[in-house]
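Numbering-wise, the sequence shown is residues 33 to 162 according to this note's numbering.
C-beta: ideal position from N, C-alpha, C; glycine also.
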Amino acid sequence: MPVLQTLAYDVVDDALVVFHAPGRPADQDIQRLAADTRIAAPHVRGSLILAGRAALTRSQRRQVSRWHRGASVKVAVLAGSQGVRSSAAALKAMGHAYRTFGPRDLAPAIEHLGFRPDTREVYEALDVYA
Numbered sequence: 033m034p035v036l037q038t039l040a041y042d043v044v045d046d047a048l049v050v051f052h053a054p055g056r057p058a059d060q061d062i063q064r065l066a067a068d069t070r071i072a073a074p075h076v077r078g079s080l081i082l083a084g085r086a087a088l089t090r091s092q093r094r095q096v097s098r099w100h101r102g103a104s105v106k107v108a109v110l111a112g113s114q115g116v117r118s119s120a121a122a123l124k125a126m127g128h129a130y131r132t133f134g135p136r137d138l139a140p141a142i143e144h145l146g147f148r149p150d151t152r153e154v155y156e157a158l159d160v161y162a
């Protein structure tokens, strides 16, 4: 799992999980996330984003939108602020399958994404809010 200054991420089977650190994500971290996961993008069914209060900038949203282009990916964002909800709403308005959940709604988010049972077990073990 790559751990960068402002986020960490991993792809397990057909799922991507992203953990944001407090504060705004660094542009170079978003760029590395996009570059590292580009090969996996066509195979990812769902993305679980534990965003906390880390809202994306407009340019970061455009970059994330390009990553999603052509992929059929559901995204569940665990949002801890209105800024994060606004970022997710902007990406949804761009035509992406984003849905926000409360910061402690890990189980409903995983259910929404429809992860395979074995993948679900891996992510449920990550319940950092339990």
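Going straight from the alpha carbon of residue i to that of residue j, what length do you get?
{"i": "residue 141", "j": "residue 34", "result": "23 Å"}
{"i": "residue 135", "j": "residue 100", "result": "23 Å"}
{"i": "residue 147", "j": "residue 47", "result": "7 Å"}
{"i": "residue 77", "j": "residue 50", "result": "14 Å"}
{"i": "residue 133", "j": "residue 111", "result": "6 Å"}
{"i": "residue 113", "j": "residue 82", "result": "12 Å"}
{"i": "residue 154", "j": "residue 40", "result": "16 Å"}
{"i": "residue 117", "j": "residue 69", "result": "23 Å"}
{"i": "residue 54", "j": "residue 87", "result": "10 Å"}
{"i": "residue 143", "j": "residue 128", "result": "18 Å"}
Going by C-alpha to C-alpha distance, which of the options sits closest to residue i?
{"i": "residue 138", "options": "85, 151, 156 and 70", "result": "156"}
{"i": "residue 145", "options": "120, 68, 65 and 105", "result": "105"}
{"i": "residue 73", "options": "43, 86, 119 and 127", "result": "43"}
{"i": "residue 92", "options": "150, 151, 129 and 56", "result": "56"}
{"i": "residue 97", "options": "124, 115 and 85", "result": "124"}
Taking the CB atoms as reference points, tell me whether residue i and residue j lie closer together than 8 Å.
{"i": "residue 95", "j": "residue 71", "result": "no"}
{"i": "residue 89", "j": "residue 58", "result": "no"}
{"i": "residue 120", "j": "residue 109", "result": "yes"}
Per DSSP, which one or two residues make a beta bridge with residue i?
{"i": "residue 108", "result": "80 and 131"}
{"i": "residue 68", "result": "In the DSSP output, where bridge partners are listed per residue, residue 68 has none listed."}
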